[in-house]
Amino acid sequence: MTEYDFNDKTSQDIINAYESERDNGNYAVVINQYKDPATKYAFYVLEQKVQTAESIKLWAFRHLQDLRRSLDDSSDFDYYYNLQRARNIVQFAALCPNPDSGQPTPLALWQLAILCEIEGWRNKQDNTPRFSDVIVSVGRTNGKTYLATILIMYHFLIDIDGLNNQDLAYVATTTSQTDKGWRYIMSTAHMIEATPGFKQLCKSRGLHVVSDKLSDNAENRLLKMSQQSGVFDSFHFTFVVTDEAGSNEMPVMKIADNKSKITTGMTQSAGQIVQISTAYPDSGSYLYKDEQIDIRAMRKDNNRALDDHLLMLWTQDDVKEVHNPELWVKSNPLIDLNEDKKITMTRNLIGKRDSASQDGKLADFENKNLNMWLQTKVNSYLKLKDINDAITNNPPIDIDGAVCYIGIDLSHFSDDSSLAFVFPFVDKEGHKKFYIKQHSFVPTARSQGSIEIKSAQDGINYRNAEKLGNATISKNSYGYVDDDTIYNYLVDFVTRHNLQVKYFLYDAWEASPLVDRLCQYGDSMNWQVMPVRQGTLSLTQPTEYFRKLMNTKRIAFDNDEILKYSLKNAILLNDNHGIKVDKDKATSKIDVVDAVIDAFFRAQYYFSDVNPDSENDNNNPFVNMSAKEQEDYFANYTF
Numbered sequence: 001m002t003e004y005d006f007n008d009k010t011s012q013d014i015i016n017a018y019e020s021e022r023d024n025g026n027y028a029v030v031i032n033q034y035k036d037p038a039t040k041y042a043f044y045v046l047e048q049k050v051q052t053a054e055s056i057k058l059w060a061f062r063h064l065q066d067l068r069r070s071l072d073d074s075s076d077f078d079y080y081y082n083l084q085r086a087r088n089i090v091q092f093a094a095l096c097p098n099p100d101s102g103q104p105t106p107l108a109l110w111q112l113a114i115l116c117e118i119e120g121w122r123n124k125q126d127n128t129p130r131f132s133d134v135i136v137s138v139g140r141t142n143g144k145t146y147l148a149t150i151l152i153m154y155h156f157l158i159d160i161d162g163l164n165n166q167d168l169a170y171v172a173t174t175t176s177q178t179d180k181g182w183r184y185i186m187s188t189a190h191m192i193e194a195t196p197g198f199k200q201l202c203k204s205r206g207l208h209v210v211s212d213k214l215s216d217n218a219e220n221r222l223l224k225m226s227q228q229s230g231v232f233d234s235f236h237f238t239f240v241v242t243d244e245a246g247s248n249e250m251p252v253m254k255i256a257d258n259k260s261k262i263t264t265g266m267t268q269s270a271g272q273i274v275q276i277s278t279a280y281p282d283s284g285s286y287l288y289k290d291e292q293i294d295i296r297a298m299r300k301d302n303n304r305a306l307d308d309h310l311l312m313l314w315t316q317d318d319v320k321e322v323h324n325p326e327l328w329v330k331s332n333p334l335i336d337l338n339e340d341k342k343i344t345m346t347r348n349l350i351g352k353r354d355s356a357s358q359d360g361k362l363a364d365f366e367n368k369n370l371n372m373w374l375q376t377k378v379n380s381y382l383k384l385k386d387i388n389d390a391i392t393n394n395p396p397i398d399i400d401g402a403v404c405y406i407g408i409d410l411s412h413f414s415d416d417s418s419l420a421f422v423f424p425f426v427d428k429e430g431h432k433k434f435y436i437k438q439h440s441f442v443p444t445a446r447s448q449g450s451i452e453i454k455s456a457q458d459g460i461n462y463r464n465a466e467k468l469g470n471a472t473i474s475k476n477s478y479g480y481v482d483d484d485t486i487y488n489y490l491v492d493f494v495t496r497h498n499l500q501v502k503y504f505l506y507d508a509w510e511a512s513p514l515v516d517r518l519c520q521y522g523d524s525m526n527w528q529v530m531p532v533r534q535g536t537l538s539l540t541q542p543t544e545y546f547r548k549l550m551n552t553k554r555i556a557f558d559n560d561e562i563l564k565y566s567l568k569n570a571i572l573l574n575d576n577h578g579i580k581v582d583k584d585k586a587t588s589k590i591d592v593v594d595a596v597i598d599a600f601f602r603a604q605y606y607f608s609d610v611n612p613d614s615e616n617d618n619n620n621p622f623v624n625m626s627a628k629e630q631e632d633y634f635a636n637y638t639f
């Protein structure tokens, strides 16, 4: 088979690859053998009979390619597509009542495709489910709750029938969210008990519905649970639905830890976790991170990484599509159910869009109704898309011997201390850009000496960051980062890479022995050492300059969790003198951003003819002071 890598490619490249395979007759057997909804929908998507985003095109191409792999006896592909399993879930869905109407609701092709994809793909070796980790994401009011109910009731009534002591769970973030979804499930269970097709089964199983549990005579249980409780350790679930999995009402690391507990328990049961959600305002959500990981995996069709993960994501390709209602079917596929639904749903969405626009809350509409992860705070410093676009998998330059500007932000209380290294460079097309690296020093003194608690508080996996070389976690028994650790790291990094340091820049009010040592070292190495006042008058220009660079794709940095998280958390603070970055809440981490902005206080002039430190500038009161004299001035400044 031809190997495809869609990284740095467009949706059209996926279509071109499909058409090439189709025209070469490589899907002939698939077309003849598989008539199920998932395969039919995949062909519809790639034949462009329905409008979808790149994420669904990637899923469709993967589905068809995997069917080919499963039929190839010479392939080492571990999975096959079980048509009978697909038929079973489709037939169950046709009988499962919708509590809103009391009758089964006919499902659209894309909804049936979800059910078939989750149930149809199996392991060749033992016929267990292929996908242990599933994410289904679609815009609001597109029938997610009904789909979740069908899946969980199918698994409880049909899939584990004849087994004993099986645990299943419905999980939402908060107790109130869980109550809402659970009422839906209980209503469905009561209706199923009275449905002719299921009445005898329910009676023989001894189905028993109570406020927080659905059970039977074989000690099988469907449990009502919440992320708030966090009590998932002792279970070996066979099937779990997490509803509104992207919610930001709980700390991101808490939800990620809960998921880890659930999936760890599934190693003995070959279970599945199905995460159903729309996008939420906080792109720091673990679900957003998982979606991005799955998309990257699907783009590499030539790689078998994450073959047990499934992502079916209906979203918009670009935020500009908010002005094109004819494209909203990408995130709201229910629009295509029939002509009446298209007219009604489009009209309602346009009304919501226009109302949100008049209220200055268009981003809320894009987030909730178009299923787009955005940084929707009104005063966000950077756009999420600009942050994602700056990430590079390969450093654009070799930093050995490179020109560098260094910024530092030292910790207060539970904050990290951060070093930012800014490298100006010119790319192959002649574009003037900057490459950024950072290193953070993480204290645990305010988190009971536990890096796990610190990670949960900040929403950052610090152990992984340290493993990747982006952080140093405090090692002493007190949980503080000592000055020697920061000093030695900086000296070693500069020496090891033979950096040509132009400027070392720091907070003007950050008087400390460490700053004195670094200033002295900088003087000895002939660096320009400069304090940067932290008011808006001083920081407006570098703050605006860096944002412009991000917006014009002139910044690159590694896939660094700490740097990304800090950039997402940064908001703008305005006063009569200008702007500066701040954080939206006490636990948000923007230490790296502060260090980066300090570095750009002088890096912004690298590609210009302006010399802001010209000794002819008689208006500069510090022009004739050494770095040590400037440091002494600010250290002893009183008013």
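Position one of the sequence shown corresponds to residue 1 (full-length UniProt numbering), numbered consecutively onward. Backbone N, C-alpha and C fix where the C-beta goes; we use that ideal spot for every residue, glycine too.
Candidates the options, of which the one nearest residue i by Cα
i: Asn302; options: Gln528, Thr2, Asn611 and Gln48; result: Thr2
i: Ile160; options: Pro129, Asn220, Val596 and Asp212; result: Asn220
i: Asp575; options: Phe423, Phe235, Asn461 and Leu537; result: Leu537
i: His577; options: Asp126, Arg554 and Thr540; result: Thr540
i: Met525; options: Leu490, Ala556 and Lys548; result: Leu490
i: Arg140; options: Val322, Asn461 and Ala279; result: Ala279
i: Ser450; options: Tyr478, Lys213 and Ala169; result: Tyr478
i: Val426; options: Met253, Phe607 and Tyr170; result: Phe607
i: Phe232; options: Asp216, Thr188 and Tyr170; result: Tyr170
i: Pro106; options: Thr344, Lys259, Leu334 and Tyr565; result: Leu334
i: Lys300; options: Asn7, Phe600, Ala595 and Ile597; result: Asn7
i: Asp308; options: Ser132, Thr344, Asp257 and Ser277; result: Ser132
i: Tyr31; options: Leu67, Ser137, Val50 and Thr173; result: This sequence places Ile at residue 31; Tyr is not what is there. The shortest C-alpha separation from Ile31 is found at Leu67.
i: Asn423; options: Asn371, Ala256 and Val596; result: Residue 423 is actually Phe in this sequence, not Asn. Of the candidates Asn371, Ala256 and Val596, the one whose C-alpha sits nearest the C-alpha of Phe423 is Val596.
Residue range of the unbroken beta strand (DSSP E) whose run includes residue i
i: Cys116; result: Element bounds for Cys116: not the beta strand (DSSP E) but the alpha helix (DSSP H), Leu109 to Gly120.
i: Gly407; result: Val403 to Asp409
i: Met225; result: Arg221 to Ser226
i: Tyr170; result: Asp167 to Ala172
i: residue 644; result: Missing from the structure shown is residue 644; the chain here goes from 1 to 639 and no further.
i: residue 644; result: As shown, the chain starts at 1 and ends at 639. That puts residue 644 outside it, with no answer to give.
For residue i, the three-state DSSP class (helix, strand or coil)
i: Ile436; result: strand
i: Tyr381; result: coil
i: Asn388; result: helix
i: Gly181; result: helix
i: Arg62; result: helix
i: Ile273; result: strand
i: Thr195; result: coil
i: Ala570; result: strand
i: Ile460; result: coil
i: Arg446; result: helix
i: Asn616; result: In this prediction, Asn616 scores a pLDDT of 48, lower than 50, which makes its location untrustworthy; no coordinate-derived value is stated.
i: Thr175; result: helix
i: residue 687; result: Because the chain spans 1 through 639 in this model, residue 687 falls outside it and cannot be assessed.
i: Lys564; result: helix
i: Gln84; result: helix
i: Lys49; result: coil
i: Phe441; result: strand
Residue span of the alpha helix (DSSP H) that contains residue i, given as start and end
i: Pro395; result: Careful: Pro395 lies outside any alpha helix (DSSP H) and carries neither H nor E.
i: Leu349; result: Glu339 to Gln358
i: Met298; result: Tyr286 to Arg299
i: Met253; result: Val252 to Gly265
i: Ala38; result: Pro37 to Leu46
i: residue 655; result: With the chain covering only 1 through 639, there is no way to say anything about residue 655.
i: Asp23; result: Ser11 to Asp23
i: Asp364; result: Leu362 to Lys368
i: Val30; result: Ala28 to Gln33
Residue-level contact to chain C via CB, residue i, 7 Å cutoff
i: Asp416; result: Protein chain content of the structure displayed is limited to a single chain, and chain C is not contained in it.
Completely contained beta strand (DSSP E) runs for the stretch 123-161, where each covers 3 or more residues: 133-137
**Prompt:** Any chance the stretch 230-239 sits against the stretch 257-274, with 3 or more Cβ pairs inside 8 Å?
**Reply:** yes
message: Would you call the stretch 519-539 in contact with the stretch 365-375, where contact means no fewer than 3 C-beta pairs closer than 8 Å?
response: no
Check your understanding: Do the stretch 55-64 and the stretch 7-23 meet, that is, are 3 or more Cβ pairs less than 8 Å apart?
Key -> yes
*Inspect the CB distances between the stretch 324-337 and the stretch 48-59 and report whether three or more fall short of 8 Å.*
yes
Using 8 Å as the Cβ pair cut-off and three pairs as the minimum, do the stretch 403-422 and the stretch 479-499 touch?
yes
Unbroken stretches of the beta strand (DSSP E), 3 residues or longer, contained in the stretch 465-532 = 471-473, 500-507 and 528-532
### Completely contained beta strand (DSSP E) runs for the stretch 573-614, where each covers 3 or more residues
578-583
Three or more C-beta pairs under 8 Å: does that hold for the stretch 201-215 against the stretch 182-192?
yes
Inter-stretch contact at 8 Å, needing at least 3 Cβ pairs: the stretch 386-396 / the stretch 454-469:
no
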